[in-house]
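Residue numbers (the working numbering), protein chains in the order written: chain C, 1 to 328; chain F, 1001 to 1337.
1) Applying the criterion that 16 or more other CB atoms from any shown protein chain within 10 Å of the CB defines a buried residue, is residue 305 of chain C buried or exposed?
2) According to DSSP, is residue 1104 of chain F part of a helix, a strand, or is it coil?
3) Residues in the same chain with beta-carbon distance under 7 Å from residue 244 of chain C, minus the five sequence neighbours each way, listed in chain order, please.
4) Express the C-alpha separation of residue 1038 of chain F and residue 1054 of chain F in angstroms, rounding to a whole number.
5) Compare the C-beta of residue 143 of chain C with all C-beta atoms of chain F and state if any pair is closer than 9 Å.
6) Would you identify the three-state DSSP class for residue 247 of chain C, choosing helix, strand or coil?
7) List in chain order: all unbroken alpha helix (DSSP H) runs of 4+ residues lying wholly within the segment 1126 to 1196 of chain F.
8) Residue 1233 of chain F and residue 1145 of chain F - do their beta-carbons sit closer together than 9 Å?
9) Applying the criterion that 16 or more other CB atoms from any shown protein chain within 10 Å of the CB defines a buried residue, is residue 221 of chain C buried or exposed?
10) List the residues of chain F whose Cβ lies closer than 9 Å to the Cβ of residue 312 of chain C, in chain order.
11) Should residue 83 of chain C be flagged as near chain F, meaning a C-beta pair shorter than 9 Å?
12) When we look at the beta-carbon of residue 1032 of chain F and count the other beta-carbons within 10 Å, is it buried (16 or more) or exposed?
13) Using 8 Å as the threshold, is the segment 1100 to 1113 of chain F in touch with the segment 1214 to 1222 of chain F, meaning 3 or more CB pairs across them?
14) Ignore the nearest five residues each way along the sequence and tell me which others in residue 186 of chain C's own chain have a CB closer than 8 Å to its CB.
15) Count the other CB atoms, across all protein chains shown, that sit within 10 Å of the CB of residue 192 of chain C; report buried if there are 16 or more and exposed otherwise.
16) Note down, in chain order, every chain F residue with its Cβ under 7 Å from the Cβ of residue 60 of chain C.
17) Identify the residues that DSSP records as bridge partners of residue 1003 of chain F: which are they?
18) For residue 1036 of chain F, list the residues DSSP reports as bridge partners.
19) Just to confirm my understanding: we take residue 1264 of chain F, look at its own chain, exclude 5 residues before and 5 after, and list those with CB closer than 8 Å. What are they?
20) Can you list, in chain order, the residues of its chain whose CB lies under 6 Å from that of residue 128 of chain C, leaving out five sequence neighbours each side?
21) Between C:122, C:78 and C:33, which has its C-alpha nearest residue 1309 of chain F's C-alpha?
22) Can you round the beta-carbon distance between residue 1060 of chain F and residue 1251 of chain F to whole angstroms, since I take them to be within the 8 Å contact cut?
23) How is the beta strand (DSSP E) around residue 124 of chain C delimited, first residue to last?
24) Near residue 201 of chain C, which residues of its chain fall below 7 Å by C-beta distance, leaving aside the five closest residues on each side in sequence?
25) Considering only residues of the same chain and omitting the five flanking positions on each side of residue 1155 of chain F, which have a CB-CB separation below 7 Å?
26) Which runs of the beta strand (DSSP E) fall wholly inside the segment 1215 to 1303 of chain F and span at least 3 residues, in chain order?
27) With a threshold of 9 Å between beta carbons, is residue 1216 of chain F in contact with chain C?
28) Once DSSP output is grouped into helix, strand and coil, what is the label at residue 96 of chain C?
29) Report yes or no: do the segment 254 to 263 of chain C and the segment 280 to 297 of chain C share at least 3 C-beta pairs separated by less than 8 Å?
30) I need the straight-line Cα distance from residue 155 of chain C to residue 99 of chain C, nearest angstrom please.
31) Between residue 1159 of chain F and residue 1149 of chain F, what straight-line distance do the alpha-carbon atoms span, to the nearest angstrom?
32) How many angstroms separate the CA atom of residue 296 of chain C from the CA atom of residue 1012 of chain F?
33) Does chain F have any CB closer than 9 Å to the CB of residue 133 of chain C?
34) Three Cβ pairs or more, each shorter than 8 Å: is that satisfied between the segment 161 to 170 of chain C and the segment 112 to 122 of chain C?
35) Does the beta-carbon distance from residue 232 of chain C to residue 79 of chain C come in below 9 Å?
36) According to the Cβ coordinates, are residue 1164 of chain F and residue 1272 of chain F closer than 9 Å?
Okay, structure coming up:
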């Protein structure tokens, strides 16, 4: 195994390098922002990134499982929208209580993931296409439920939206961040300390070898899409805490954000390599880019897109350069 | 030819469904020296998608993917319309737009081949930034132009045939010649099979990758000209929105594997026609607009299932004949690291 040698004979295994590079670049970006903008370099700014992107983080965790097996899930954004839509329509229309609606939404998301996983595994269809069909299906279901935005007035949901959990030194987080943190911790445990996690890495590394080793490749593949579906639905619930509405146009293009977060975090799209911590950092980087742009303030919407593209490019280029240097 | 059998059957089935709902669906008339008819419409409105899909096929054959084509469609239309509205001359406008698109495609290829960024992310950069660039060119407005010569590209007729169809036929002919009559197609497939091994075998893999991305962008550029010419305006925000997904879908329905290593141009054309026919079908059988996506999802799933060997074996129980051995999953062998 190639290693990055530091002074004093200590070495870092090559597999950790991309995550470390991402972490360093994130810190560098934060420091640069702190120098350039007043009031930027505070802990609350980082916490705000978590608060604003809790749903993206949850979805990206599910996406990490899928990408680690070498697959891809394009349906996540639509499933998020579908979840907000189902939750809002059931609570606003027939007035169902949240403790019925939320499990139902999670069930629908998981079931969608399960079906997609089954199609991919049993019929050998490419994940990109199956999940693209899933994306159309979920978006289509949203519009079938309703084309307008449905407000959520349920007291439990509004309470979740307004609660602030105070931390030390005037810093605070929302309950969504705690949900996201729990999801990340559970997912990290599953990936690194359970048989399923081992099977996920093995399947992504080489499906054929995993099969020959007697690992349940098919079950693993179905499982990761189910997990991704569940995470998307949970992300949808958290997004409806944040938005307090259900709308078919929520989270358009979010699958690309999630994929970008996973890849920025150093996970390879070919599967088998990557860490959940990288995904967390990837979401933080995307969120920080948004924060920097909001501090800049005066950009028109098209310049915002161009700058996001340029920052993404600069980031990936730097990451690539650092990783490539340590490899040779 | 066997690979094309199922896509062709699906296309035929879709057309037959249309015939049931619209009895005169297959009739083609010559009116005022122009060809008219539903089939001609499918070809005409499907022309941009076919072009984008052709470029996408070669990119996917090298094991890559290009998400930026939708943004390039918007940039091309925006730049051409801006130039024409400033009286720069049609030829200069078209040349400039296509030149910029090719350059942007080469940039994508450079990121993938030379810098080594994963294709989906490398092209995601331009997908996001390119949309902004298109809006920057049009200043966030919709530019309308009134130039009969420009109108010809997407909405005009030449020798009774819609000009867009002729462009597609020309591009298809050139692509087929270059990839199937010359060695280029084999080189592209070899790069898609294993870029590093191809390089070691003496193929200039990087050059080929840059070329296919440039070609894909050029095709998207032409498609952008068609789309903006057809409506005589450029909309930086919505032109070509999500066309990359339709194009990828067309390529896969046509039998090209996203893993790279082999491709079928004929399949791609049929795949794109299936998607365009599907859109037409949605209108002709009167699916309510809210459920069009639902309908599309069901048809796409059905098409993919029918094409899946595993599905056909399970459903039709063809036990009389020994099932062919399942192909070994293509392993990407990493040579360097």
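Ideal placement from N, C-alpha and C gives every residue a C-beta, glycine not left out.
On the basis of the coordinates in this document:
1) Buried, by the Cβ-count rule.
2) DSSP places residue 1104 of chain F in helix when its eight states are reduced to three.
3) Excluding sequence neighbours, residue 244 of chain C sits near 151, 152, 157, 158 and 161.
4) Rounded to the nearest angstrom, the two C-alpha atoms are 23 Å apart.
5) Chain F, which has a Cβ nearer than 9 Å to the Cβ of residue 143 of chain C, makes this yes.
6) Here residue 247 of chain C sits in coil by DSSP.
7) Listed in chain order, the complete alpha helix (DSSP H) runs (minimum 4 residues) inside the segment 1126 to 1196 of chain F are 1148 to 1155, 1163 to 1176 and 1184 to 1193.
8) Yes.
9) Answer is buried; the Cβ neighbour count reaches 16.
10) Residue 312 of chain C reaches chain F at 1121, 1124, 1125, 1128 and 1129, counting residues in chain order whose Cβ is nearer than 9 Å.
11) Taking CB atoms only, residue 83 of chain C has no neighbour in chain F less than 9 Å away.
12) The residue is exposed, with fewer than 16 neighbouring Cβ atoms inside 10 Å.
13) Flag = yes, the segment 1100 to 1113 of chain F and the segment 1214 to 1222 of chain F touch.
14) Apart from the 5 residues on each side of it in sequence, residue 186 of chain C has no Cβ closer than 8 Å to any other Cβ in its chain.
15) Exposed.
16) Correct list: empty, because the minimum Cβ distance to chain F is about 14 Å.
17) Bridge partners of residue 1003 of chain F: none, in fact.
18) For residue 1036 of chain F, which the question treats as bridged, DSSP gives the partners F:1029.
19) The answer, listed in chain order, is 1003, 1004, 1057, 1254, 1255 and 1256.
20) In chain order, 72 place their CB closer than 6 Å to the CB of residue 128 of chain C, counting only its own chain and leaving out the 5 sequence neighbours on each side.
21) In terms of Cα proximity to residue 1309 of chain F, the closest of C:122, C:78 and C:33 is C:122.
22) The Cβ separation is near 5 Å, so the contact holds.
23) Judged by DSSP secondary structure, residue 124 of chain C falls outside any beta strand (DSSP E); it is assigned neither H nor E.
24) Taken in chain order, the residues that qualify are 68 and 272.
25) Taken in chain order, the residues that qualify are 1229 and 1230.
26) The qualifying runs are 1233 to 1235.
27) False, the Cβ-Cβ gap to chain C never drops below 9 Å.
28) In the structure shown, residue 96 of chain C falls within a coil segment according to DSSP collapsed to helix, strand and coil.
29) Verdict: yes, contact present.
30) One C-alpha to the other measures close to 12 Å.
31) Residue 1159 of chain F and residue 1149 of chain F have their C-alpha atoms some 15 Å from each other.
32) The C-alpha of residue 296 of chain C lies about 55 Å from the C-alpha of residue 1012 of chain F.
33) Taking Cβ atoms only, chain F reaches closer than 9 Å to residue 133 of chain C, which makes this a yes.
34) In this structure the segment 161 to 170 of chain C does not lie against the segment 112 to 122 of chain C, because fewer than three pairs of beta carbons, one per stretch, are closer than 8 Å.
35) Contact: yes.
36) No, the pair does not count as a contact, with Cβ atoms beyond the cut-off.
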